[in-house]
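A short worksheet on the structure shown next.
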Amino acid sequence: MFSSRDLPMKGHLRPQNLNRKLHCLSANLLLLLNQVECATLNQELQDMEARVRRGQKKAPEELNQSIQMQAWQEEVERARQGQREAENKLSSVEAELQKLRVEMAAMKRDAEHYSRQEHMELEKRYRELTDLLYYKQTQLETMASDKAAAEFQLEKELKRIQEVQVEAERGRVARRPSPSWEEDSEMKALEPLPVYHRHLVGASVQLQKAAKILDSGAARATRFLWRYPTARLIFLFYLVFVHFFMMYLLHRLQAQADDLSAREVAESMGLTDPNLQLHARR
């Protein structure tokens, strides 16, 4: 028999699935009606057969009884014909219901396959978006560090220009007639300033490159540890091992330092003299 449990319980049904569900319900209702009709016809057939048997026991003396018997037999034949038709309809409905069950099972398997495939696609898309987010965040951090370095360099340049302007103003105010060799010596004294400035600029550029490398390396390491839990565990164990190893080294070095300091104190006090040690033993 077909029941409501055979239908897939889904939150969203397509129009084709809804039509199949309605068709299945109508077929189920038709099957129930045919079963009721078949049971009624069987009951009528049994009643008529009982009447015929009761009529056969009596002597067929009157014509009315024979006519009634013939009418009953015709009704019995019609009831049997209706029963056969109902059985044929029932078998056809059962075959159709079996076909619908097979189709519903196939639809259920397809729906599960599609839902699993959609879940995998969504998970893949989520990973791609996460990687893109980390990449954009790394770019943003790099741009922020570049901006900070450029602002710092600009402030240094502005400050240097202001200092040069102040020095020039002071030189104009305090300038006096002097021989040409003194002016040449002052110009030569100011020559190393741009060279020093170029060294500072080169050092700041190298520092910016090192900061960029550290930022990109930290971002990649963070992304790698986020994607692989096993790597996080290994990194945690490595940190714990390094921590305990450093504690062990510090303990050993502290003990050696204590022994060395005690030995130096003893040597400074003259307690390491062999004669004194022999006398102390006696």
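What the sequence shown shows, in mature numbering (1 follows the signal peptide of the UniProt record, and there is no 0), is residues -38 to -1, 1 to 244, in sequence order. Each residue gets a CB set at the ideal place from its N, CA and C atoms; glycine is no exception.
* To do: Assign Tyr76 to one of three DSSP states: helix, strand, or coil.
  => Here residue 76 corresponds to residue number 114 of the sequence shown, with the count starting at 1. Here Tyr76 sits in helix by DSSP.
* Asked: What does a CB cutoff of less than 8 angstroms around Leu59 pick up in its chain, not counting 5 residues either side in sequence?
  -> Taking the sequence shown and counting its residues from 1, one reaches residue 59 at position 97. Cβ within range, chain order: Phe(-37), Cys(-15), Ala(-12), Asn(-11) and Leu(-8).
* Give the DSSP-derived three-state secondary structure of Tyr190 in the structure shown. => Reading the sequence shown from its first residue, position 228 is the one you call residue 190. Coil, per DSSP.
* **Check whether Ser107 and Ala180 have beta carbons under 8 angstroms apart** => Numbered from its first residue, the sequence shown carries residue 107 at position 145. Numbered from its first residue, the sequence shown carries residue 180 at position 218. No, they are not a contact pair.
* To do: Name the residue from Met209, Ala183 and Arg(-19) whose alpha carbon lies nearest to the alpha carbon of Glu65.
  => As a working note, residue 65 is residue 103 in the sequence shown. It is Arg(-19) whose Cα lies nearest to the Cα of Glu65.
* Measure the beta-carbon distance from Gln45 to Asn4 and round it to whole angstroms, keeping in mind my assumption that it falls under 8 angstroms. => Reading the sequence shown from its first residue, position 83 is the one you call residue 45. Reading the sequence shown from its first residue, position 42 is the one you call residue 4. With a Cβ gap of about 7 angstroms, Gln45 and Asn4 count as contacting.
* To do: Compare the Cα-Cα distances from Gln99 to each of Arg189, Ser178, Leu169 and Glu83 and report the closest residue.
  => As a position in the sequence shown, residue 99 is number 137, starting the count at 1. If we check each option's Cα against that of Gln99, Ser178 comes out closest.
* Asked: What's the call for Val128, buried or exposed, on a 16-neighbour Cβ count within 10 Å?
  -> Position 166 of the sequence shown, counted from the start, is the residue given in the question as residue 128. Burial state of Val128 is exposed, judged by a 10 Å Cβ sphere holding fewer than 16 other Cβ atoms.
* Using the C-alpha atoms, what's the distance from Arg189 back to Gln79? -> Against the sequence shown, residue 79 aligns to sequence position 117. Against the sequence shown, residue 189 aligns to sequence position 227. Computed Cα separation, rounded: 22 angstroms.
* Asked: Roughly how many whole angstroms lie between the Cα atoms of Gln101 and Leu95?
  -> Within the sequence shown, the letter at position 139 stands for residue 101. Within the sequence shown, the letter at position 133 stands for residue 95. C-alpha of Gln101 to C-alpha of Leu95: approximately 10 angstroms in a straight line.
* Answer yes or no: do Arg42 and Leu7 have a C-beta to C-beta separation smaller than 8 angstroms? => Your numbering for residue 42 matches position 80 in the sequence shown. Your numbering for residue 7 matches position 45 in the sequence shown. Yes, Cβ-Cβ distance for Arg42 and Leu7 is below 8 angstroms.
* Asked: Which word fits residue 258, buried or exposed, when buried means at least 16 other C-beta atoms lie within 10 angstroms of its C-beta?
  -> This structure cannot speak to residue 258, because the chain is shown only from -38 to 244.
* Are the CB atoms of Glu49 and Cys(-1) nearer to each other than 8 angstroms? -> Position 87 of the sequence shown, counted from the first residue, corresponds to residue 49. Position 38 of the sequence shown, counted from the first residue, corresponds to residue -1. For the pair Glu49 and Cys(-1), the CB atoms are nearer than the 8 angstroms cut-off.
* Candidates Val227, Thr192, Lys61 and Gln115: closest to Ser166 by CA position -> The residue given as residue 166 occupies position 204 in the sequence shown. The shortest C-alpha separation from Ser166 is found at Gln115.
* **Through-space distance from Val(-3) to Ser53, alpha-carbon basis** => Your numbering for residue 53 matches position 91 in the sequence shown. Your numbering for residue -3 matches position 36 in the sequence shown. Roughly 15 angstroms between the two C-alpha positions.
* Asked: Shortest alpha-carbon distance to Gln170 belongs to which of Arg16, Arg71 and Met105?
  -> As a first step, residue 170 must be located in the sequence shown, where it is residue number 208. The candidate whose alpha carbon is nearest that of Gln170 is Met105.
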